[in-house]
Amino acid sequence: MPMTRSKTQLKRNYAAAVAGADDDTNQLLSVSRQAFIDWAVENAVPIERLTPNDYSEHSDNNIHNAAFFQSLSGAIQSSSASVVMLSEGFHNCREMMTLHHAVIEYLVDNLGFTVVASESGLPESRVISNFLQNLRKLSSDKEDEL
């Protein structure tokens with residue numbers, strides 16, 4: 003079954019469930035939806051523009067996203083999180099990958115995270131592997147200089 007058909011079917015099933023629900027259930031769904039919207043509006047932290055290294059003290063763009071990274075840092079530190087999971091609504095979107103890049107750099111450079119796992123396809127995993135191998139080589143070369 004094609005993906006678009008299953009999404010269409012899910013929408014139809016949801017619409018049928020809501021249409022067949024009693025008034026109390028529909029009212030509860032409406033209240034729950036509005037409660038989430040109110041919470042999201044109150045707690046949203048805008049990202050005005052984002053490129054990797056935006057969080058850096060030396061970045062000209064730091065002022066645009068400082069609130070986002072402070073909020074992220076506060077949430078992680080207040081919960082003593084040792085795992086942070088990132089997701090996106092769809093894959094291979096430049097903006098989402100740029101956001102992931104910046105967040106991962108922030109987690110590693112500022113919050114001490116040392117392991118990064120990423121869902122990806124086989125071609126992308128080769129690029130990541132090559133990058134990590136190059137980092138190891140650079141690190142080894144620097145140790146040899148000492």
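In the numbering used here, the protein residues as written are 3 to 148. Glycine included, each C-beta is placed from N, C-alpha and C at the ideal position.
Task: CB of S120 within 9 Å of CB of H102, strictly - done: yes
TODO: Excluding the 5 residues preceding and the 5 following F115 in the sequence, name in chain order all residues of the same chain whose CB lies nearer than 6 Å to its CB.
DONE: L109
- [ ] Rank A69, L30 and V33 by C-alpha distance to the C-alpha of N45 and give the top, closest one.
- [x] A69
Task: Option in D40, N67, I39 and L134 with minimal Cα separation from R51 - done: Ranking D40, N67, I39 and L134 by Cα distance to R51 puts N67 first.
Task: E126 versus Q29 - alpha carbon distance - done: 46 Å
Task: Distance between beta carbons of V47 and S73, contact taken as under 8 Å - done: 5 Å
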